[in-house]
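Working notes for the structure below.
Number of protein chains: 4
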Amino acid sequence: MYNVDFKTDRSIDLIGIGRLCIDLNADQFNRPMEETSSFTKYVGGSPANIAIGSARLGLKSGFIGKVSDDQMGRFIVQYLKANHIDTSGISVDQTGAVTGLAFTEIKSPEECSILMYRDNVADLKLDTSNVSEEYIKNSKALLISGTALAASPSREAVFLALDYARKHDVVVIFDLDYRPYTWTSAQETAVYYNLAAEKCDVIIGTREEFDMMEQFESNDNDDHRTAQKWFSYHAEIVVIKHGSEGSIAYTKDGSSHRGGTFKTKVLKTFGAGDSYASAFIYGLMNQWEIPKAMEYGSASAAIVISKHSCSDAMPTTDEIDRLIAEQKVKK
Amino acid sequence: MYNVDFKTDRSIDLIGIGRLCIDLNADQFNRPMEETSSFTKYVGGSPANIAIGSARLGLKSGFIGKVSDDQMGRFIVQYLKANHIDTSGISVDQTGAVTGLAFTEIKSPEECSILMYRDNVADLKLDTSNVSEEYIKNSKALLISGTALAASPSREAVFLALDYARKHDVVVIFDLDYRPYTWTSAQETAVYYNLAAEKCDVIIGTREEFDMMEQFESNDNDDHRTAQKWFSYHAEIVVIKHGSEGSIAYTKDGSSHRGGTFKTKVLKTFGAGDSYASAFIYGLMNQWEIPKAMEYGSASAAIVISKHSCSDAMPTTDEIDRLIAEQKVKK
Amino acid sequence: MYNVDFKTDRSIDLIGIGRLCIDLNADQFNRPMEETSSFTKYVGGSPANIAIGSARLGLKSGFIGKVSDDQMGRFIVQYLKANHIDTSGISVDQTGAVTGLAFTEIKSPEECSILMYRDNVADLKLDTSNVSEEYIKNSKALLISGTALAASPSREAVFLALDYARKHDVVVIFDLDYRPYTWTSAQETAVYYNLAAEKCDVIIGTREEFDMMEQFESNDNDDHRTAQKWFSYHAEIVVIKHGSEGSIAYTKDGSSHRGGTFKTKVLKTFGAGDSYASAFIYGLMNQWEIPKAMEYGSASAAIVISKHSCSDAMPTTDEIDRLIAEQKVKK
Amino acid sequence: MYNVDFKTDRSIDLIGIGRLCIDLNADQFNRPMEETSSFTKYVGGSPANIAIGSARLGLKSGFIGKVSDDQMGRFIVQYLKANHIDTSGISVDQTGAVTGLAFTEIKSPEECSILMYRDNVADLKLDTSNVSEEYIKNSKALLISGTALAASPSREAVFLALDYARKHDVVVIFDLDYRPYTWTSAQETAVYYNLAAEKCDVIIGTREEFDMMEQFESNDNDDHRTAQKWFSYHAEIVVIKHGSEGSIAYTKDGSSHRGGTFKTKVLKTFGAGDSYASAFIYGLMNQWEIPKAMEYGSASAAIVISKHSCSDAMPTTDEIDRLIAEQKVKK
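Below, the structure is given as structure tokens:
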């Protein structure tokens, strides 16, 4: 059994840092977006979704981010507050930036795409002056996500948050969440992802994301070597996801654990990773065995991909427990 | 009586040039946008609305513009085609630009606002290579609108179109439509608006818009002097709008005509100018007396501001005729 | 005989507007710049050179421009003052811009090239607030040059200056001076050159420069048609230069005059155009016949290309008169 | 006695990475630059100067950098080659970048300033594809300098070089060389300096530079604590310079050594740091005791600041030995 050492003398369980945006999900499914006529508005962004998911499960969550000074920005803060997330770490941009948008298109459960608006977005305007050492010091874990590393000054803000977290024994969790359209090049991405991952305790990503990070090495997609590399820095748990084939979690003590997926009626694939991460983290913070935490993550993902939204669909423990009771995990 | 000399040997009545974008109108009214949950998608942009309005009235319309290479761009082209507008002059951006967005907020009929997404928009990527002399030569009138002058290369494309229009006796109509958020400064705006207006036959704008253009002169908001200035270049008709107090049209022969407004149940104020322009132009092209064209414009505006969208609400001649029959114009 | 109507009730003869920069001329000639070791510093920029040349000939010159807030900017202002040019229209940039640089390489008299530093240059930061109507109103002529049209806000400042000049009967002289490296595209250049040229009284350029401006037309390099085009706007004199084959000047009254070149020992080709323009303008302002003004321009050019600098080598009337006395113009 | 472990099986002693630029030193001293008339051209840039200085002392040096595709870029490569520096790691920019320039002004030995041209410079276009693992692997030491971290893609190239160096036991030396004008903010600078310094074996900087790096901590300018911080990462030697009061070197084994300065006739202060670094590194590579290496550094600095250039004035061992023989170090 392997447990991450979350400090108990902290008032916040999990702080997300980074992207806060708006999902505009087409109300009409199974058709190209040209033929949809209306969109429903949800809070989105990987770390926002994970913070919402964790809060839904009962964790005390907070957020460090920046929103636009307009109706979209205010909607985001109001939604987070209504979901019992501490928003004292959220700043309001004063430079005229806008909220990032993600219009979703669901042609079929297997064919989903996103049309992004990422020019001049407020979330990437987060700067070092918006990061409070005191706030991070009072939390058990800090969750970072790749997109916040994509541009200055947000990138520097994240590296400063990482420094504060390491200094105060805050467990750092990195959900890789690589979105190529946000970056100038895969080379640039790899450099900053690696610099950040060196400072993290828990790293969660897909095989393809780890491959991107290893582009300057010759690794041959070897999960074991990937995990060992990060254990040589500060990592204690490395989770590598292989899509519908499930995932594998390595721990620093040498063990590994395979996780499966749950049956579900898929509406769209968006949100699978974020819901997995929030429930997996919930398990870690409850000092569950890794396999149990992975099962919880998979069940949460199965629920979210059967629903219309990502954030708003995040399940409660009751919903997850019910699904697990109904099904056996496919190994 | 004053008539503009539209050439009759042309296959297209009116070509719009410039902004093609998407309006996302909140489905819930009379509340701040933070409290709305969904949006309906419409084609928008002042010259697009005017082209649609003209087509709805029976004119043969065309468009010179650029759309994004995504679902939003394709939706725009499909909608224009469905409205019998010739889209052969519309190019598709290949640089990764997006479609401009306008989220509307209707707090009350008197308190409407727009949240714009104008970074990296496809409409401003229109360039001189996208402007066909042959296409312009085959039209009776060219409609330009201020926003297309806001940035390179769209600005140069419009000036080239103006040159082609003057060369081939195409009547140029300038709907000022000044949107400050698109511009770097009021000074920059004034310079290019003036350079364009010098080459136009018909200029339509609000008193505030003409004031902006006259900022380097001392004019004291004098409508008559404003009109005389443009008659000294190429203008034949100058329409100056004074909001709910109606408008005044000057013609080069020295006459002026005041126009009133129609009673209506206002839902929102958006689209008033575009619907006015399309019906007024329709009147000019039918060689109507100026007062009759102004009345048609006012009636069209009264209809559009009582409905949810701008473009999709553009009336037919039947709808306008019915409203005029029902009411007397308030002078 | 054709005379331009310069108003006599003005305290300044000629105001230049636009580029003020530094030439760094290699002290070692007839070798590639890799093999030169030191550079001498001179004031440069086409309109600066013309203002200096005119002042050297005895005209009362002034300048509207912007310099960097550093040693280079202060050197430029000091040099102009020392040459009796009024610098009250020169502003100092406060945004951290630098002075444009031109490193010259003289491999042989026929093979000269320039290495330019034009990023973030102060001269292109000139804005409409730096242009005084009163200052322009007090001058007989305004000289513009193409590079100042290359970017905002300098471009708008020039168009405003043109408006003031036309309003107050100030003769506008346009030295085309097309520098491709300053521009985004030849199409963009042509649009703004044409808009400016429409407002000018005297236009001076090479055949290649006029070809660039006519790229949207089919003209076939016809000097006569080029001149006629501009006479249909406001031009009264159009000078078209054909390199070593001399130049031709058209006047609005239908005459044309060919000018030749003087023999000289060429050190480099830089500065030929600027020295020609300053002496030609000097002739016009003295109400000389066109051929005599052209001869004066050619003699001035012959002197400057035999010397190391452009600005500092500008001749006095004595020097020009002596050269003319010595030689017959080669027809 | 403390020795850095330089691997002996390497064909190159020291590779510099980063800034390659041109110094234009006023030929006239002791006056403001407005009153100077000519400039002499030298290769410049901190890591370039250090590579040249090391080569002058007999080390086998190489360089990883990018130069402009023009006469300035070619001059730099030719000069390095002539100084026996391996230039196989230098790429040529293809994007139209220019060579950075530094015009020096020597008002008095105490009052020297630099006018920089750093817009669109080739050195910051170095990218990850220009960094060869094989090249770094064949060297004993890699020298980095702060400016190369100032912008993408150069920053990523340096971090990749650091990874290769650590992987292959190449000693990494960081000459902080903080140039504020190159950076967006001091906060941004601190984040990347710290990320880089964590991976370095030898760190050399002024007290002010270390203060900048510690701005997110409370350290109170404590040299000892500064050194300890870096020893907790990979550092083995930390040199902190206190201007004319000399410097102090800390080694990981707990010792510290104070170094003094040599008497000299100062012409200008430029180049002091670079000449110090090159001779100090020369000492380290010869396994000298730290105090002897520091003395060598100080003597080299004393020579360079008495001469006109930085790079071209770098001394040979004979010159340094002679100065040391002549003087006692002022403690």
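Protein chains in written order, with full-length UniProt numbering: chain R, 1 to 331; chain A, 1 to 331; chain V, 1 to 331; chain B, 1 to 331.
Just so you know, even glycine gets a beta-carbon here, dropped at the ideal spot from N, CA and C.
By the rule that beta-carbons nearer than 7 Å mark a contact, Glu188/A does not touch chain R.
His84/V sits in coil when the DSSP states are folded into three classes, being neither helix nor strand. The beta carbon of Glu214/B sits no closer than 7 Å to any beta carbon of chain R. Note that the C-beta distance between Ala97/B and Val131/B is not below 7 Å.
Identification of chain B residues near Ser152/R by a Cβ-Cβ cut-off of 8 Å yields Thr184, Glu188, ordered along the chain. Annotated as proximal: Asp175/R and Ile204/R, with beta-carbon spacing under 7 Å. The beta carbon of Asn25/A sits closer than 7 Å to those of Phe39, Thr40, Tyr42, Thr104, His308, Ser309, all from its chain and outside the five residues before and after it, given in chain order. DSSP, reduced to helix, strand and coil, places His224/V within a helical segment of the structure shown. Judged by beta-carbon spacing, Cys21/B lies beyond the 7 Å limit of Thr269/B, meaning their Cβ atoms are not closer than that value. In the three-state reduction of the DSSP assignment, Ala165/V falls in the helix class. About 5 Å separates the beta carbons of Gly246/V and Gly259/V, which is inside the 8 Å limit, making them a contact pair. Annotation: the continuous alpha helix (DSSP H) that includes Met294/V extends over 290 to 304.
Along the stretch 216 to 275 of chain B, the beta strand (DSSP E) occurs as fully enclosed runs of 3 or more residues at 237 to 241, 247 to 251, 256 to 259, listed in sequence order. Taken through DSSP and simplified to helix, strand or coil, Met72/V comes out as helix. Contacts with chain A at 7 Å (Cβ-Cβ) do not include Asp312/R. Straight across, the Cα-Cα distance linking Asn30/V with Val171/A is about 58 Å. DSSP assignment within the stretch 16 to 77 of chain A yields the following whole alpha helix (DSSP H) runs of 4 residues or more, N-terminal first: 46 to 56.
DSSP lists Ser108/B as the beta-bridge partner residues of Glu111/B. Annotation: Thr147/V has no Cβ neighbours in chain A at a cutoff of 7 Å; minimum Cβ distance is about 16 Å.
Taking a C-beta distance under 7 Å as the contact criterion, Leu59/V and Asp9/V do not qualify as a contact pair. Here Phe6/A carries a coil assignment [DSSP, helix/strand/coil].
Note on Asp201/R: 16 or more other CB atoms within 10 angstroms of its CB, so buried under the neighbour-count rule.
In the structure shown, the three-state DSSP call for Met213/A is helix. Between the stretch 138 to 147 of chain R and the stretch 277 to 291 of chain R, the count of C-beta pairs closer than 8 Å reaches three or more; the two stretches touch. Under a 10 Å Cβ-count criterion, Asn194/R is classified as buried, with 16 or more other Cβ atoms of the shown protein chains found around its own Cβ. By the criterion of a C-beta distance shorter than 8 Å, Gln28/B is surrounded in its chain by Glu35, Thr36, Ser37, Ser38, once the five residues flanking it on both sides are discounted. For Leu142/A, there is no enclosing alpha helix (DSSP H); the enclosing beta strand (DSSP E) has its first and last residue at 139 to 145. The residue among Val266/R, Ala272/R, Glu236/R, Asp274/R with its C-alpha nearest the C-alpha of Ser256/R is Glu236/R. Contact check for Ser46/V against Asp177/V passes: the beta carbons are separated by less than 7 Å.
Here Gln94/V is exposed. Its C-beta has fewer than 16 other C-beta atoms within 10 Å. Taking C-beta atoms under 8 Å as the contact rule, Ala272/B and Val304/B qualify, at a distance of about 7 Å. About 5 Å separates the CB atoms of Gly16/B and Phe63/B; that is less than 8 Å, so the two are in contact. About 7 Å separates the CB atoms of Ala150/B and Leu124/B; that is less than 8 Å, so the two are in contact.
Taking 7 Å as the CB threshold, Phe159/V lines the interface with chain A.
In this structure Arg155/V touches Tyr192/V by the C-beta definition: roughly 6 Å separates them, less than 8 Å.
Shown here, Gly283/R sits in a helix according to DSSP, grouped into three states.
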